[in-house]
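Novice: Residue numbers (full-length UniProt numbering): 1 to 441.
C-beta atoms are modelled at their ideal positions from N, C-alpha and C, and glycine is treated no differently.
It should be emphasised that the depicted structure is a prediction, and the values quoted were computed from it without experimental measurement.
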Ligand code: PLP
């Protein structure tokens, strides 16, 4: 075999070579079939090889693929911004386009700081986040992230942004139970704000449902209502990081809609183009844009590929496809079915501690002992066995033993059928049986 020049996630690991994909299935060069049970990294949300998207790619490439945003606007970029404003709740009427989720959250952070500066307040520069979270890999995004494993090497370069406890009921940081806990995890935000001084804090950022760092951790019912009240009381903007949860993944266009709370800024990525080209966005509310429009009239950020017409045309086609095929509702229905099937499966295996999630963002957390909920590092073995059985699932852990457990995400494309969900669960069960055999003394 020829040597590889490609830097892969694990350099000495052997990865299968992908050949093509169709719907929820992927095929490698050895003709092995996989169900894309995680949409890659929770990205390929309308499935692979969709003819409408391929046509949109070709149509736009035949016109123009790239123009620089300081020299031209384009019909696809204008139409995409309009569509996002229509499809999202409230007054999130402005879009700033970037290329990755990390850029989207980092841009949200910068816009939040600029918002206060435009109002003559220069001390509000910190962004609070949660201890268990993932907001991206660039240094600014990582500064806001509570993902020990991904932060470790770069700690000296990171901003020392404070964090609050995550609403992780399965392993409550206060050892309490909802609702008698009185949402201590939410009120902690106000305590931290008081200690630091609200004059130092620009925004609070949260993933409505914690994804990569926690395995689809869904907060209790009143959590975000309480969080938003605290933010408003203290003049702090609320940023919803919907890079993983957005664009219909959880059964609503934005996951924060499950809690009926209006964010000031939203970060989108992944499902925005469903993996067909790279593109992400920071959505900005009228409230936040207002002083910027009256003030410096520009946002001090941007990338060469921001708002490029090629990716904008693809994202627009993806959003239209989602709308036309009612994939948000469909994802919700299939998600309920998947969670029901996995909850039944959980009874058969001692190491399945929790099955949770919303829509087609589903987490399974592993335990050594169901009663004691002792964490066990099992995600990598499950992923390996699933892959051997033709199923792709996604690892999820904040990389800190004892604080989060080890989990996987199951997040197939929203187009998955009932029969394909059945097949997914059959393959997962086969993987679990192999894991079980390996765990036995
Ligand atoms: N925010 C969330 C919630 C994510 O899940 C991710 C990626 O997994 C990011 C931000 C970073 O996105 P990207 O990998 O596109 O930079």
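(1) Do we get a CB-CB distance below 8 Å when we pair residue 281 with the residues of chain B?
(2) What is the rounded straight-line gap between the Cα of residue 128 and the Cα of residue 173?
(3) Take residue 319 as the anchor and find which of 194, 76, 372 has the nearest alpha-carbon.
(4) Whole angstroms are fine: how far does the CA of residue 316 sit from the CA of residue 372?
(5) For residue 266, count the other beta carbons within 10 Å of its own beta carbon; 16 or more makes it buried, fewer makes it exposed. Which is it?
(6) Less than 7 Å separating the Cβ of residue 255 from some heavy atom of ligand 1?
(7) Could you tell me which residues DSSP puts in a beta bridge with residue 33?
(8) Ends of the alpha helix (DSSP H) at residue 154?
(9) Check whether the segment 157 to 170 touches the segment 238 to 245, taking contact to mean three or more Cβ pairs, one atom from each stretch, closer than 8 Å.
(10) With a threshold of 7 Å (Cβ to nearest heavy atom), would residue 137 be considered close to ligand 1?
(11) Here's the rule I'm using: 16 or more other beta-carbon atoms within 10 Å means buried, otherwise exposed. How should residue 253 be labelled?
(12) Please look up how many angstroms separate the CB atoms of residue 9 and residue 28, rounded, as I've assumed it's under 8 Å.
(13) Would you say residue 90 touches ligand 1, meaning its beta carbon is less than 7 Å from a heavy atom?
(14) Give me the Cα-Cα distance between residue 89 and residue 225, rounded to the nearest whole angstrom.
(15) If distances are taken between C-alpha atoms only, which option among 438, 51, 67, 417 comes closest to residue 333?
(16) Could you check whether the segment 91 to 102 touches the segment 328 to 345, counting it as contact only if at least three pairs of C-beta atoms, one from each stretch, sit closer than 8 Å?
(17) Opposite residue 374 in the DSSP bridges: which residues?
(18) Does DSSP put residue 282 in a helix, a strand or coil?
(19) Roughly how many angstroms lie between the CA atoms of residue 440 and residue 104, to the nearest whole one?
(20) Does DSSP put residue 217 in a helix, a strand or coil?
(21) Which residue wins for smallest C-alpha separation from residue 209, given the options 197, 181, 178, 257?
(22) Any heavy atom of ligand 3 within a distance shorter than 7 Å of the CB on residue 170?
Specialist: Taking the definition as stated:
(1) Annotation note: the requested chain B is absent from the structure, which comprises a single protein chain.
(2) Cα atoms of residue 128 and residue 173: separation of roughly 18 Å, rounded to the nearest angstrom.
(3) 76
(4) 48 Å
(5) It counts as buried.
(6) It does not: the Cβ of residue 255 is nowhere closer than 7 Å to a heavy atom of ligand 1.
(7) 27
(8) Neither: residue 154 is in no alpha helix (DSSP H) and is coded neither H nor E.
(9) Counting Cβ pairs under 8 Å, fewer than three are found: no touch.
(10) yes
(11) buried
(12) In fact, because the Cβ distance is near 17 Å, the residues do not count as touching under 8 Å.
(13) Look at residue 90: its beta carbon is at least 7 Å from all of the heavy atoms in ligand 1.
(14) 16 Å
(15) 417
(16) no
(17) Residue 374 is bridged by DSSP to 369.
(18) strand
(19) Computed Cα separation, rounded: 45 Å.
(20) strand
(21) Nearest C-alpha to residue 209: 257.
(22) Looking for ligand 3 in the displayed structure turns up nothing; the ligands present are ligand 1.
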